[in-house]
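UniProt numbering numbers the first residue of the sequence shown as 1 and each following residue consecutively.
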Amino acid sequence: MIRVSKNISQPKLHLVWCGQLGLVHAHIISSLKKQMPAVFGKENKKKELIQDLDKIYKTIEREQQIPRGDFPDIIKMQELLQGVDFTRFKPLNPKLLENVDRMLSKDIAEFMKLVREEETQMSENGVRGGAFESARDGPFKLGYGEGASEGLDDEEWVVARDKPKYDEIFYKLSPINGKISGANAKAEMLKSKLPNTTLGRIWKLADVDRDGMLDDEEFALAHHLIRVKQEGYEIPTALPKHLVPPSKRAFI
Numbered sequence: 001m002i003r004v005s006k007n008i009s010q011p012k013l014h015l016v017w018c019g020q021l022g023l024v025h026a027h028i029i030s031s032l033k034k035q036m037p038a039v040f041g042k043e044n045k046k047k048e049l050i051q052d053l054d055k056i057y058k059t060i061e062r063e064q065q066i067p068r069g070d071f072p073d074i075i076k077m078q079e080l081l082q083g084v085d086f087t088r089f090k091p092l093n094p095k096l097l098e099n100v101d102r103m104l105s106k107d108i109a110e111f112m113k114l115v116r117e118e119e120t121q122m123s124e125n126g127v128r129g130g131a132f133e134s135a136r137d138g139p140f141k142l143g144y145g146e147g148a149s150e151g152l153d154d155e156e157w158v159v160a161r162d163k164p165k166y167d168e169i170f171y172k173l174s175p176i177n178g179k180i181s182g183a184n185a186k187a188e189m190l191k192s193k194l195p196n197t198t199l200g201r202i203w204k205l206a207d208v209d210r211d212g213m214l215d216d217e218e219f220a221l222a223h224h225l226i227r228v229k230q231e232g233y234e235i236p237t238a239l240p241k242h243l244v245p246p247s248k249r250a251f252i
């Protein structure tokens with residue numbers, strides 16, 4: 001009898017969705033609050049802001065690097081705002097944003113570690129007999145060969161598969177002595193729309209030699225880790241050996 005939880009990923013998805021939606025709502029409300037007049041013309045301004053909500057979305061998307069898919073449906077939002085008193089909106093709370101950002105980048109990762117442990121325990125207790133009786137490790141281990149574990153058993157560096165594509169971007173950034181500066185790398189990495197805290201963790205993993213710059217291999221590694229995160233997997237706390245660039249293995 002196999003007993004596998006079908007909803008094991010739902011807590012994560014729900015928490016991430018609530019956190020991201022709350023973050024976006026905070027920015028929307030803050031933007032509306034800032035643009036409201038202090039005394040006269042409040043109702044007219046409210047109508048104008050609701051009508052221009054798409055422009056407000058685009059401004060927040062650009063300035064805060066938030067993917068458009070994280071925003072609430074604009075039609076429904078406009079309908080809801082019709083019955084809201086904008087003068088009761090409170091200013092943006094920076095501490096609240098820090099807490100949400102920390103939850104999305106750290107607390108959920110810790111939570112999912114517990115979820116994965118529970119899922120592993122359920123799988124081990126639920127599968128009995130047959131060819132996989134002793135397959136607790138190896139290729140049948142939970143998550144094996146996925147996310148940051150992709151290419152674990154490959155002889156070739158897994159990042160090399162897409163390196164030509166990353167090299168094309170790298171050399172457009174005009175590297176000096178084979179490396180690009182942190183500022184140039186940051187500008188490119190921000191295009192991923194991932195939170196700054198997540199990109200900061202990716203940077204630390206990709207800058208293997210800790211010189212504050214990225215060569216072509218480190219740049220490709222950074223993009224590989226970005227893809228891993230965008231596909232819904234967690235970023236490792238330490239760089240796995242199979243992801244270390246060939247020219248940097250002396251640093252590990």
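By construction, the Cβ of each residue, glycine as well, lies at the ideal position given by its N, Cα and C atoms.
On a predicted model such as this, the values are computed, not experimentally measured, just so you know.
{"Item": "Length of the line joining the Cα atoms of Y166 and S174", "Value": "14 Å"}
{"Item": "Range of the contiguous alpha helix (DSSP H) that encloses Y54", "Value": "In the sequence as presented, Tyr is not what sits at residue 54; that position holds Asp. Taken as a continuous stretch (DSSP letters only), the alpha helix (DSSP H) holding D54 covers 53 to 64."}
{"Item": "DSSP three-state assignment for M213, whether helix, strand or coil", "Value": "strand"}
{"Item": "Identity of the residue in A238, I60, G200, L221 nearest S247 by Cα", "Value": "L221"}
{"Item": "Classification of F170 by the beta-carbon crowding that lies within 10 angstroms, buried from 16 upward", "Value": "buried"}
{"Item": "Beta-bridge partners of K179, as assigned by DSSP", "Value": "I176, D215"}
{"Item": "Terminal residues of the alpha helix (DSSP H) in which T197 lies", "Value": "196 to 206"}
{"Item": "Separation of M189 from E63, as counted between CA atoms", "Value": "15 Å"}
{"Item": "C-beta contact flag for L49 and I74 at 7 Å", "Value": "no"}
{"Item": "Closest residue to A238 among K204, P67, A38 (Cα-Cα distance)", "Value": "K204"}
{"Item": "Presumed contact (8 Å Cβ cut-off) between S192 and I235, rounded CB distance", "Value": "About 12 Å separates the two Cβ atoms, so there is no contact after all."}
{"Item": "Option in P91, G178, E231, T59 with minimal Cα separation from D211", "Value": "G178"}
{"Item": "Pick from G41, V24, Q82, A38 that is closest to Q51, judged by C-alpha positions", "Value": "Q82"}
{"Item": "Inter-residue CB distance, residue 269 and P91 (contact presumed, cutoff 8 Å)", "Value": "Since the first and last residues shown for the chain are 1 and 252, residue 269 lies out of range."}
{"Item": "Through-space distance from H223 to D207, alpha-carbon basis", "Value": "12 Å"}
{"Item": "Start and end residues, alpha helix (DSSP H) containing E79", "Value": "74 to 82"}
{"Item": "Separation of N196 from D209, as counted between CA atoms", "Value": "21 Å"}
{"Item": "L92, DSSP secondary structure in three states", "Value": "coil"}
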